[in-house]
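Numbering (the numbering used here), first residue to last: 918 to 1191.
Beta carbons: idealized from backbone N, C-alpha and C, even for Gly.
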Ligand SMILES: Nc1ncnc2c1ncn2[C@@H]1O[C@H](COP(=O)(O)OP(=O)(O)OP(=O)(O)O)[C@@H](O)[C@H]1O
Ligand SMILES: [Mg+2]
């Protein structure tokens, strides 16, 4: 990524260990420029969620720890901050599995996202209207208990709740998980809209490489705790290895997703990237 880009988040060579012994991230570095959508791609257990947790400081609750490297928000080291302090700096995570409070209504769920706001009821009400504007489905379901809404509506509710804090940056973990393709598309369209119109920066963890690269500006591919490739989203979409291993459109019709590390062409490409 160009050095002149206005970098909002800089993750520099972080190592993360769970329970003092399980080494999961083995030196992950990435940049998120202000106002962009950056995708963090990779299969099951690659370390996407762990990376997001490291940034939003949710690792402690999982007995995880950043043991090497640094994380900077606008040049300020943030590894030692609490989750609440991160929210105050405008960084908020939407957790995997669309966590809503099942027994609360959609509107009450959204309102829980505003608890850190200190700018008064009128400002919060204005944000609520804005969220309803972006997510008209939530407006129609505002009085429904979250438990009785669809998976897509719950994902929208989880994102909407994060927006109620007026964030600068949202860390969005697997929004497509378990959703039908047209609902995934609807959610991603709204994410892109929030990015362009509200200038919300997104770091988006996804297994759904195809969809994520259609909406992201830049992508990083994570395998087994290491970034194995990164590039402009359009270039990654057209990259033969990415096509073969992550988009399922490559020439040799292999079963499922192989690892980059298994192929010669990747080793060759890796030398070019080095
Ligand atoms: N709390 C934890 N304690 C111990 N190990 C963990 C913990 N959370 C995750 N791990 C391990 O860390 C590795 C990376 O997990 P992580 O959840 O970050 O992957 P992911 O890329 O988000 O995967 P998925 O796409 O399945 O969500 C996995 O091997 C996982 O088993
Ligand atoms: Mg995950």
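| Item | Value |
| --- | --- |
| If you compare alpha carbons, which of 981, 1005 and 976 is closest to residue 990? | 1005 |
| Please state whether the Cβ-Cβ distance between residue 971 and residue 931 is less than 8 Å. | yes |
| According to DSSP, simplified to helix, strand and coil, what is residue 973? | helix |
| So is residue 1058 in contact with chain B if we call contact Cβ pairs under 8 Å? | Absent here is chain B; the protein component of the structure consists of one chain. |
| CB of residue 1123 to nearest heavy atom of ligand 2: below 7 Å? | no |
| What's the gap between the Cα of residue 872 and the Cα of residue 961? | No answer is possible for residue 872: it lies beyond the span of the chain, which begins at 918 and ends at 1191. |
| Please confirm whether any heavy atom of ligand 1 lies closer than 7 Å to the CB of residue 935. | yes |
| Over the uninterrupted alpha helix (DSSP H) stretch that includes residue 947, give me the two end residues. | Careful: residue 947 lies outside any alpha helix (DSSP H), inside the beta strand (DSSP E) at 939-950. |
| Can you tell me which of the three DSSP states residue 998 falls into? | coil |
| If we count Cβ pairs, one from each stretch, closer than 8 Å, do we get three or more for the segment 1115-1132 versus the segment 1086-1097? | yes |
| Quick check: residue 876 and residue 1020, are their CB atoms within less than 8 Å of each other? | In the structure displayed, the chain extends from 918 to 1191; residue 876 sits before or after that span and is not available. |
| If we ignore side chains and look at the alpha-carbon of each, how far apart do residue 1126 and residue 1031 end up? | 32 Å |
| For residue 1075, count neighbouring Cβ atoms within 10 angstroms of its own Cβ and tell me buried if that reaches 16, exposed if not. | buried |
| Looking only at its chain, what residues have a beta carbon closer than 8 Å to the beta carbon of residue 934, apart from the 5 residues adjacent to it on each side? | 940, 941, 981, 982 and 984 |
| Let me know if residue 1184 comes out buried or exposed under the rule of 16 or more other beta-carbons within 10 Å of its beta-carbon. | With a pLDDT of 47 at residue 1184, under the threshold of 50, the modelled position of that residue is not reliable, and the figure given next carries that caveat. Exposed, by the Cβ-count rule. |
| If residue 1022 sits next to residue 1061, beta carbons under 8 Å apart, how far is it from one beta carbon to the other, in whole angstroms? | 6 Å |
| Helix, strand or coil: which one does DSSP assign to residue 1119? | strand |
| With a 10 Å radius around its C-beta and 16 neighbouring C-beta atoms as the bar for buried, classify residue 1026 as buried or exposed. | buried |
| Between the alpha carbons of residue 1116 and residue 1083, how many angstroms are there, rounded? | 11 Å |
| Determine the extent of the alpha helix (DSSP H) in which residue 1126 is found, giving its start and end residues. | 1126-1132 |
| Which one or two residues does DSSP pair with residue 1147 in a beta bridge? | 1137 |
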